[in-house]
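Asker: One structure coming up, written as C-alpha cells, with questions to follow.
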Amino acid sequence: MALDPGILAAAAADVPKKGLQAIALGVGAGLGTIGPGIGVGFIFGKVIESVTRQPEMRDEITSIQCLSVPFAKSSGNFLVSPNLGLMVWTLIAFLITLYVLKRLAFPRIAEALDKRQRAIDESIEAADRTRREADEILDEYRERLKQARVQAEEIVVRARKAAENTERETVEHARQTREEILEQARRDAEASIQQAVGELRRDMADLTVLATEKVTRKALTDDDQRRLVEEALGELDFDALSGGSRN
Amino acid sequence: MTAWWKGLKTRSKLLLIAGAFLAITVFVGIAFPSAGRNNAFKPQNEFKLDPWVSIKLGPLDLSINKAVLYLALAATLTIATMLYIANRMKQAHPNRMQTAVELSYTFIRDQIAGPSLDRRMAQKWFAFIGTLFLFIWFSNLLGYIPLPTNTEETVNIFGINVPAFAIYAATANLSAPLALTLVVWFSYQIEGVRAKGFLGYLRSWIPAGTPRAMRPLLFAIEVISQFVRIISLSVRLFANILAGHLLILFMGGGLVVLLGLAAIGVVTLPLAVIFFLFEVVLIATLQAFIFATLTAIYLGESVAESH
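Rendered as C-alpha cells:
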C-alpha cells in the first residue's frame, strides 16, 4: 500500500484533500499490518525456539504453529484459497442487493430527503415571509395608531371648538332673548304709563271741571273748560312720572 | 473503591491494572498445571465451509454452505432494512432507526462518494458504492451475532442435534471480498477506458511530467500496483474480519481448550469481551468504510484528468 505510486503521486500532484485522504488510508492500512506482522513473527520465533529446545516435541509444536499461522501453508489451506462457487454466490447476493436498492430503496430515500430538505427550506422561507408580513402589519398598525391618535386629537379640538361656539351662541341667543323681553317689557310699561297718564289727565280734567262748577256755580262751556284744563295740564311736567322708568 | 485508589493518576491506575493482570496470568500459569495439550481440537475448522446442500454444475461447486447462508442473510437484511426505511420515509417524523439509516445514507453521499467523485460520476456510481458499503457493513456486523451454524459440533436437545452457536461472517473468507473486489476492479478499469479511450487510459497511468526515460519503469510499477490492488482490497477486508474472529475465538475459550489450561480462561475471557466490542464497534464499520472509500477513490482516479 505504501508503495502504491498512484496514490503517492495523486497526493503529491494536486487536490490536497483527496491526496490527504489517500495518505491517511495508506498509513492506516500500513499500520494495520504491523500488528499481525509482529504477531506472526513472534509465533515463528517461539516455534523455532521451542523446537531447538525440545526437538522431540517438534510435531506437536508445528501443529500449533499451523493453527496460528494459516497463511504459512498457502498451498491447499482452505482459509486462503478462493472458492469459485462462493464467489458466484457472493456476486449473486451482491447484484440482487444492488438491483433492489438501486431500484427501490435509494431513489425513495433520496427523494424523501430532498423533499424534506425542500420542505425545511420552504418552511424557513415561509417563516421569514410571515415575519416580514407581521412586521409590515405591525408597522401599518403603528401608523394607523398614530393617525388615530392625531384624528382623536383633531376630534377633541373640533368638539371643543363646537362646544365653545354653541356656548357662545347660546349666550348670545340668551342675551338677545333677554333684551327682547326687556324691550317688550319696557314697551309694555311705557304703553301702560301712557295709558295711565291719559286716563289721569282725563280724570283730572273731569275733576277740575267738576270742581270749577262747584266753585263758580257756573258751568263753563265744554270748550272753555277743556281749553283751560289743557293749558293747565300743559304746564304740568309729566316727565317726572315717566322719567323713573326710562332711566 | 477506597480513597487511595481514587487519589491515583489515570496512568498509575492503568499500570496497576495491567500489573495485576500480568500477575494473575503468571500465577495461573504456575499454580495450575496443564491437563495436557489438546490435539483433537482444530480451531480453524470454525471457518471450514462444509457443504450442507451439495450442488455441482460441472467443475463449478455451488454447494450451499455456512458462508452462503451468511451471504443470504446479509443480503436479506440489507434489502429489508433499506426497503423498510424507504417505505417509512414518507412520514414526516422519523424514528431512531430511520434517522440512523438517513445518517448513513448522507454519510455515504457526502463522506465516501462525495469527495472522490465529481457530480456526474457520483450520480452514476452512488448506488454501487452505497450498496457495497451497506452490504459489507451488514455482513461484518452479522458476523458478531452468534447463530446456530456449527454443524461439526452439535448439541443434543431432546434427541435433535442442534448445531452449536458460532460466529462467522460472509466476509471472513477470501472468496466473498475477492468477488466484490473483482467487480470493483473491472468497474473502474472499464470506466477509465470509457472516459479516456484504451490508450489514453493506459497513458494516464504515467504521471504527467515524467521524464521520457522513466516512463517504462513507472508504467511497469503502475501495472503491478493495479493488480496488487485486487489483493490488497480483498485481503484487507477478509484478513481483518478473520483475525477478529480468530482473536475472539482464541480468547473466548480456544486457548483454554488448546492448552488444556482451564484456569487461563480467567485471564482470556475479559480480553475476549474487549476484542469483541472493539471488532463490533470499530472494525466492522471501519472496514466497510475503507472498502467503499477506496472504491470511490479508484473510480474517481480512473476518470480524473491527470493521475
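Heads up: the sequence lines are chains X and W, in that order. Take the first sequence: its position 52, counting from 1, is numbered 518 in this note's numbering, and each next residue is one higher. Take the second sequence: its position 144, counting from 1, is numbered 248 in this note's numbering, and each next residue is one higher. Even for Gly, the Cβ is constructed at its ideal location relative to N, Cα and C.
Quick check on DSSP: helix, strand or coil for residue 320 of chain W?
Answerer: Within the second sequence, the letter at position 216 stands for residue 320 of chain W. Reduced to three states, the DSSP call for residue 320 of chain W is helix.
Asker: Let me confirm a value: residue 120 of chain W is counted as buried when at least 16 other C-beta atoms fall within 10 Å, else exposed. Which label applies?
Answerer: For the purposes of this step, residue 120 of chain W is taken as the residue at position 16 of the second sequence. With fewer than 16 other Cβ atoms within 10 Å, it is exposed.
Asker: Would you kindly check if the distance between the Cβ of residue 349 of chain W and the Cβ of residue 218 of chain W is under 8 Å?
Answerer: Locating residue 218 of chain W in the second sequence gives position 114, where the first residue counts as 1. Locating residue 349 of chain W in the second sequence gives position 245, where the first residue counts as 1. It is not a contact, given that the beta carbons lie outside the stated cut-off.
Asker: Excluding five sequence neighbours on each side, which residues of the same chain lie with their C-beta closer than 6 Å to the C-beta of residue 402 of chain W?
Answerer: Translated into the one-based positions of the second sequence, residue 402 of chain W becomes position 298. Only 292 meet the Cβ criterion.
Asker: Examine chain X for any beta-carbon lying closer than 8 Å to the beta-carbon of residue 133 of chain W, and answer yes or no.
Answerer: If you number the second sequence from 1, residue 133 of chain W lands on position 29. It does not: the Cβ of residue 133 of chain W has no partner Cβ on chain X nearer than 8 Å.
Asker: List the residues of chain X that residue 165 of chain W touches, going by C-beta distances under 9 Å, in chain order.
Answerer: For the purposes of this step, residue 165 of chain W is taken as residue 61 along the second sequence, with counting starting at 1. Per Cβ cutoff of 9 Å: 549, 550, 551, 552.
Asker: Identify the continuous alpha helix (DSSP H) that holds residue 391 of chain W and give its terminal residues.
Answerer: Residue 391 of chain W sits at position 287 when you count from the first residue of the second sequence. Segment 388–407, the alpha helix (DSSP H) holding residue 391 of chain W.
Asker: For residue 299 of chain W, which residues in the same chain have their Cβ closer than 6 Å to its Cβ, ignoring the five residues on either side in sequence?
Answerer: Sequence index remark: in the second sequence, residue 299 of chain W carries index 195 (1-based). Counting only Cβ-Cβ distances below 6 Å, and skipping sequence neighbours, we find 407.
Asker: Check whether the Cβ atoms of residue 561 of chain X and residue 231 of chain W sit closer than 8 Å, and answer yes or no.
Answerer: Within the first sequence, the letter at position 95 stands for residue 561 of chain X. Within the second sequence, the letter at position 127 stands for residue 231 of chain W. Taking 8 Å as the Cβ cut-off, residue 561 of chain X and residue 231 of chain W do not qualify as a contacting pair.
Asker: Taking a Cβ distance cut-off of 7 Å, strictly less, list which residues of the region 575–604 of chain X are near chain W, in chain order.
Answerer: Listed in sequence order: 575, 578, 579.
Asker: Ignoring anything shorter than 4 residues, give me the alpha helix (DSSP H) runs that lie fully in the region 169–199 of chain W, in order along the chain.
Answerer: Listed in chain order, the complete alpha helix (DSSP H) runs (minimum 4 residues) inside the region 169–199 of chain W are 170–192.
Asker: Roughly how many angstroms separate the alpha carbons of residue 226 of chain W and residue 127 of chain W, rounded to a whole number?
Answerer: Residue 226 of chain W sits at position 122 when you count from the first residue of the second sequence. Residue 127 of chain W sits at position 23 when you count from the first residue of the second sequence. Looking at the two C-alpha atoms, the distance is approximately 55 Å.
Asker: Counting only C-beta atoms, is residue 359 of chain W closer than 8 Å to chain X at any point?
Answerer: Here residue 359 of chain W refers to the residue found at position 255 when the second sequence is read from its first residue. No, residue 359 of chain W lies away from the interface with chain X (no Cβ there is under 8 Å from its Cβ).
Asker: What do you get for residue 111 of chain W, buried or exposed, if any count of 16 or more other CB atoms within 10 angstroms of its CB means buried?
Answerer: Against the second sequence, residue 111 of chain W aligns to sequence position 7. Exposed, since its Cβ has fewer than 16 Cβ neighbours within 10 Å.
Asker: When you compare the CB of residue 385 of chain W with every CB in chain X, is at least one pair closer than 8 Å?
Answerer: Stepping through the second sequence from its first residue, residue 385 of chain W is reached at position 281. Chain X contact via Cβ: absent.
Asker: Quick check: the Cα distance between residue 666 of chain X and residue 678 of chain X, rounded to an integer number of angstroms?
Answerer: Taking the first sequence and counting its residues from 1, one reaches residue 666 of chain X at position 200. Taking the first sequence and counting its residues from 1, one reaches residue 678 of chain X at position 212. Computed Cα separation, rounded: 18 Å.
Asker: For the alpha helix (DSSP H) containing residue 272 of chain W, name the first residue and the last one.
Answerer: Numbered from its first residue, the second sequence carries residue 272 of chain W at position 168. Residue 272 of chain W -> no alpha helix (DSSP H), and no H or E assigned at all.
Asker: Can you look up residue 160 of chain W in the DSSP assignment and give me helix, strand or coil?
Answerer: As a first step, residue 160 of chain W must be located in the second sequence, where it is residue number 56. Three-state DSSP puts residue 160 of chain W in a strand.
Asker: Contact criterion: CB-CB distance below 8 Å. Does residue 718 of chain X meet it with respect to chain W?
Answerer: Residue coverage of chain X in this structure runs from 467 to 713, which leaves residue 718 of chain X outside it and unanswerable.
Asker: Taking the C-alpha atoms as reference points, what is the distance between residue 185 of chain W and residue 179 of chain W?
Answerer: Position 81 of the second sequence, counted from the first residue, corresponds to residue 185 of chain W. Position 75 of the second sequence, counted from the first residue, corresponds to residue 179 of chain W. When rounded, the distance between both Cα atoms is 10 Å.
Asker: On the DSSP letters alone, give me the boundaries of the alpha helix (DSSP H) that residue 355 of chain W sits inside.
Answerer: Taking the second sequence and counting its residues from 1, the one referred to as residue 355 of chain W is at position 251. Run containing residue 355 of chain W: none; DSSP gives neither H nor E here.
Asker: Give, in chain order, every residue of the region 617–643 of chain X whose Cβ lies closer than 7 Å to some Cβ of chain W.
Answerer: Those residues of the region 617–643 of chain X that come within reach of chain W (Cβ to Cβ, closer than 7 Å) do not exist; the list is empty.
Asker: Give the secondary structure of residue 654 of chain X by DSSP, where H, G and I count as helix, E and B as strand, and everything else as coil.
Answerer: Position 188 of the first sequence, counting from 1, holds the residue named residue 654 of chain X. Of the three classes helix, strand and coil, the one that applies to residue 654 of chain X here is helix, per DSSP.
Asker: For residue 340 of chain W, count neighbouring C-beta atoms within 10 Å of its own C-beta (all shown protein chains included) and say buried if the count is 16 or more, exposed if not.
Answerer: The residue given as residue 340 of chain W occupies position 236 in the second sequence. Classification for residue 340 of chain W: buried.
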